[in-house]
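Below is one structure, written out as structure tokens, with a few remarks after it.
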Amino acid sequence: MSNQEPIHSFSSRILVLPEANIDTDQIIPARFLTTTTKVGLGKVAFNDWRYTADGSNKPHILNEIDPTEHRVLVGGNNFGCGSSREHAPWALMDYGFQAVISTEIADIFKSNCLKNGLLPVVVSKDVHDKLLANPQQRVTIDLQNNALTLEDGTVITFEVEAFARQCLLEGVDAMGWLLKRLPDIEKFEQSHGKAA
Amino acid sequence: MTAKSLFEKVWDAHVVEPEGADKPAVLYIDLHLVHEVTSPQAFSELDARGLKVRRPDRTFATLDHSIPTLRPDADGNRPYVTAQAKKQVETLEANAATHGLRLFGYDAENRGVVHVIGPEMGLTQPGYTVVCGDSHTSTHGAFGCIAFGIGTSEVGHVLATQCLAQRKPKTMRITVDGKLQPGVTGKDVALTVIATLGFSGGTGYALEYAGDVIRDLDMEGRMTVCNLSIEAGARCGMIAPDQKTIDWLRGRQYVPQGEAYDEAAKGWLALASDEGAVFDKEIRIDGSTIEPMATWGTSPDQGAAIVRGVPVADNEDQERALKYMGFTGGEAREVEKVDVVFIGSCTNGRMADLRAAAAIMKGRKVAPGVRALVVPGSEWVRLEAEKEGLHEIFLDAGAEWRLPGCSMCIAMNGDFVSPGQLAVSTSNRNFEGRQGPGSRTVLASPATAAASAVAGHVADPRQFMALEEA
Ligand code: SF4
Chain Y
39 MSNQEPIHSF SSRILVLPEA NIDTDQIIPA RFLTTTTKVG LGKVAFNDWR YTADGSNKPH
99 ILNEIDPTEH RVLVGGNNFG CGSSREHAPW ALMDYGFQAV ISTEIADIFK SNCLKNGLLP
159 VVVSKDVHDK LLANPQQRVT IDLQNNALTL EDGTVITFEV EAFARQCLLE GVDAMGWLLK
219 RLPDIEKFEQ SHGKAA
Chain L
36 MTAKSLFEKV WDAHVVEPEG ADKPAVLYID LHLVHEVTSP QAFSELDARG LKVRRPDRTF
96 ATLDHSIPTL RPDADGNRPY VTAQAKKQVE TLEANAATHG LRLFGYDAEN RGVVHVIGPE
156 MGLTQPGYTV VCGDSHTSTH GAFGCIAFGI GTSEVGHVLA TQCLAQRKPK TMRITVDGKL
216 QPGVTGKDVA LTVIATLGFS GGTGYALEYA GDVIRDLDME GRMTVCNLSI EAGARCGMIA
276 PDQKTIDWLR GRQYVPQGEA YDEAAKGWLA LASDEGAVFD KEIRIDGSTI EPMATWGTSP
336 DQGAAIVRGV PVADNEDQER ALKYMGFTGG EAREVEKVDV VFIGSCTNGR MADLRAAAAI
396 MKGRKVAPGV RALVVPGSEW VRLEAEKEGL HEIFLDAGAE WRLPGCSMCI AMNGDFVSPG
456 QLAVSTSNRN FEGRQGPGSR TVLASPATAA ASAVAGHVAD PRQFMALEEA
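Going down the list, the sequences are from chains Y and L. The first sequence begins at 39 in my numbering and counts up by one. The second sequence begins at 36 in my numbering and counts up by one.
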């Protein structure tokens, strides 16, 4: 059993949200965290940016695009800071995103993304500027080669932690990987005075 | 032997399998704390795989995030914000029963905010690795623990294996030298550290706080400092255990008792960073220059000494933040009229925090038009405070006295700040809408929050302290 389908390479138009420091409370406000499942959170992704208090649409790009056409989210500097809520990547993926690009991506959010198959791509300020300058462009993300190709042909490589990358490419299941280590974990508990 | 830092000593003692180029370390977890919001999907994953919680004895659950802080009605019905919130609580109750976990539920004398009750009961012990599906797990680092927040997938990993796949972070030591001025608290130190490091300055690092100012803080103050590590992007922040740590934990429910405690304490004192330990980064702050702080923007690093007023924006982000807050660069904080004051949360919901707030509210009244909410961090804090009569001070001043919970820190239980209202809050995040859609948040210490409640505007607490001395 694995958490997600293997990811290799895909092309899509980007969607730019240029605000800096987009935090997890913007991605999914806390009052939507009372759910006990992972499904259906796309409709409340960026809820307070998209809807007024009475639930009607605000004029926001996220209400206007076709999510299937824009599977790469380009955020302003420093994306995903704040809480550990995995509801943030669940909401972004349910909306339709498969990758998030920024100059910096917060630790826990990044780790949560990788566990769900939402690819976090950290780029330099130069590349980020190019994406922001042409927010209509199509990009290609190739995880096999760690390559991001912009519409003007610029190709850059990005880093993904090796184990997380293997999990994504091969559909390896991190939980299964840990479960295989149970005999060693038990030995560790015995030798370190941590047995039950 | 090479000199080791506190972080390295605790890390090394928990490595089941070391990391390699293509794989993370398998890190053993001593204590796993669970709450209703980030756990249901992890239990579902276990159920789907036919797995059981591997170490129920190392797993403890509480109800804090989505529970009401108002009392139940005469029939015992609790005023949940939605049916879904009630269902979430019932889901954790059911999961705890199925897996044989200790749940500090409504009937428990220790129920409370997860990062308040862990240390309070002595579940948190020096040298431990502690995780929870909540980013402020860094709080427990005040006891010399590697403590960090995890996502729900990882909650599942720990439930099933008591381990996590982790890469070792870099280390940074933040030394706060000197002596704090009167009226300056741990919260002011923390907000100064974050303002110095910046929003993401700690990303990728484990922090160690050191120096005379940190040594002089009480354990509550140290917890506040470690709690806010995540607001500079660091997943964990730690302080070496000392005699204060040992005295504070002695006799608590889950620590070893009697001679066994003294034996354990010897080991805990040895955890301090060795002379000559090397850090990837070192920062020094002169503690004697720190003054009562308040944030002026929409991220926790956008804070400044209250006496210095609102800074003039020098970039687009700051302009946007000021615009959201409705503040003008250069203005004095006293012009900022306050609608709500929230005293509570895992950052500042402990006895020392409530005492500091009560000292200012005593014999005074909350200003007309201000709603003040005091929410103890745990049942134990609530009962202690009531024993000391603090609740009467708050009630006499015109504040509300609630049951323990996260309440307006995260505003998912029905306690929230209305659109456009300005709150002075002792919690940890001032993001847009954090305390309710359209809410505006100023983060500050309990003393500053209480002073602001009484003054009706953002206020430096020292003016009220000086009055008392005169
Ligand atoms: S008080 Fe706030 S920060 Fe602390 S655990 Fe609750 S919601 Fe999280």
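Just so it is clear, CB atoms sit at the ideal spot from N, CA and C, and this is done for glycine as well. Here the structure is a predicted model, which means the values were calculated and not measured.
Nearest to residue 137 of chain Y by CA position, among Y/121, Y/113, Y/204 and Y/120, is which residue? Y/113
Would you mind reading off the limits of the beta strand (DSSP E) that contains residue 358 of chain L? Not the beta strand (DSSP E): residue 358 of chain L falls in the alpha helix (DSSP H), residues 351 to 360.
Using a Cβ-Cβ distance under 8 Å, would residue 292 of chain L count as near chain Y? no
Could you tell me if the beta carbon of residue 148 of chain L falls within a distance shorter than 7 Å of some heavy atom in the ligand SF4? yes
Please determine whether the Cβ atom of residue 383 of chain L lies at a distance below 7 Å from any heavy atom of the ligand GTP. Although the ligand GTP was asked about, the structure shown includes only the ligand SF4 as ligands.
Quick one: complete beta strand (DSSP E) runs, 3+ long, within the segment 379 to 442 of chain L? 406 to 409
Does any heavy atom of the ligand SF4 sit closer than 7 Å to the C-beta of residue 463 of chain L? yes
Measure the beta-carbon distance from residue 83 of chain Y to residue 152 of chain Y and round it to whole angstroms, keeping in mind my assumption that it falls under 8 Å. Contact flag wrong, Cβ pair sits at about 19 Å.
Are any of the Cβ atoms in chain Y nearer than 8 Å to that of residue 467 of chain L? yes
For the ligand SF4, any of its heavy atoms closer than 7 Å to the Cβ of residue 100 of chain L? Checking every heavy atom of the ligand SF4 against the Cβ of residue 100 of chain L, one is found closer than 7 Å.
Comparing the CB of residue 169 of chain L with every heavy atom of the ligand SF4, is any distance shorter than 7 Å? yes
Please confirm whether any heavy atom of the ligand SF4 lies closer than 7 Å to the CB of residue 445 of chain L. yes
Do residue 412 of chain L and residue 385 of chain L have their beta-carbon atoms positioned less than 8 Å apart in this structure? Yes, they are a contact pair.
Distance check for residue 301 of chain L and residue 157 of chain Y, CA to CA, integer angstroms please. 46 Å
Per the DSSP calculation, residue 273 of chain L is bridged to which residue(s)? L/243
I think residue 120 of chain Y touches residue 61 of chain Y, with their Cβ atoms under 8 Å apart; what is that distance to the nearest whole Å? The Cβ separation is near 4 Å, so the contact holds.
Contact set for residue 58 of chain Y: own chain, Cβ-Cβ below 8 Å, skip 5 residues either direction: 114, 115 and 116
Below 8 Å on the Cβ atoms is my contact criterion, and I expect residue 404 of chain L with residue 491 of chain L to pass it. Report the Cβ-Cβ distance as a whole number of Å. 7 Å
How would you label residue 505 of chain L, buried or exposed, when you count the other beta carbons within 10 angstroms and need 16 or more for buried? Low confidence applies to residue 505 of chain L: its pLDDT is 42, below 50, so where it sits in the model is not reliable, and the reading given next is rough at best. Taking a 10 Å sphere around the C-beta of residue 505 of chain L, we find fewer than 16 other C-beta atoms and assign the residue as exposed.
Closest to residue 118 of chain Y by CA distance: which of L/125, L/96, L/357 and L/265 is it? L/265
Would you list, in sequence order, the uninterrupted alpha helix (DSSP H) runs of no fewer than 4 residues that lie entirely inside the segment 293 to 370 of chain L? Taking only runs of at least 4 residues, the alpha helix (DSSP H) segments lying wholly in the segment 293 to 370 of chain L are 294 to 304 and 351 to 360.
Less than 7 Å between the CB of residue 264 of chain L and some heavy atom of the ligand SF4, yes or no? no
Report all residues from its chain with a CB closer than 8 Å to the CB of residue 169 of chain Y; omit the five preceding and five following residues, and keep chain order. 52, 54, 112, 139, 161, 175, 177 and 188
Under 8 Å between the Cβ atoms of residue 213 of chain Y and residue 120 of chain L? no
Contact list for residue 373 of chain L against chain Y, beta-carbon separation under 7 Å: Residues of chain Y passing the Cβ test: none, with the nearest at roughly 21 Å.
Distance, Cα to Cα, residue 479 of chain L vs residue 350 of chain L? 24 Å
Does DSSP put residue 100 of chain L in a helix, a strand or coil? coil
Can you tell me whether residue 90 of chain Y is buried or exposed? The criterion is at least 16 other CB atoms within 10 Å of its CB, across all chains shown. Label assigned to residue 90 of chain Y: exposed.
Starting from residue 1 of chain Y, trace the alpha helix (DSSP H) in both directions and tell me its first and last residue. Nothing can be reported for residue 1 of chain Y: it is not among the residues displayed for chain Y, which extend from 39 to 234.
Between residue 119 of chain Y and the ligand SF4, is the CB less than 7 Å from at least one heavy atom? no
Short of 7 Å in beta carbon distance, which residues of its chain neighbour residue 395 of chain L, apart from the five on each side in sequence? Order them along the chain. 482, 485, 486, 489, 496 and 499
Span separating the alpha-carbon of residue 354 of chain L from that of residue 236 of chain L: 21 Å
Relative to the C-alpha of residue 171 of chain L, which candidate in L/299, L/137, L/69 and L/476 has its C-alpha closest? When each option's Cα is compared against that of residue 171 of chain L, the closest is L/69.
Does the segment 86 to 100 of chain L come close enough to the segment 177 to 185 of chain L to have 3 or more Cβ pairs within less than 8 Å? no
At least one CB of chain Y closer than 8 Å to the CB of residue 192 of chain L: is that the case? yes
Would residue 61 of chain L count as contacting chain Y if we go by Cβ distances under 8 Å? yes
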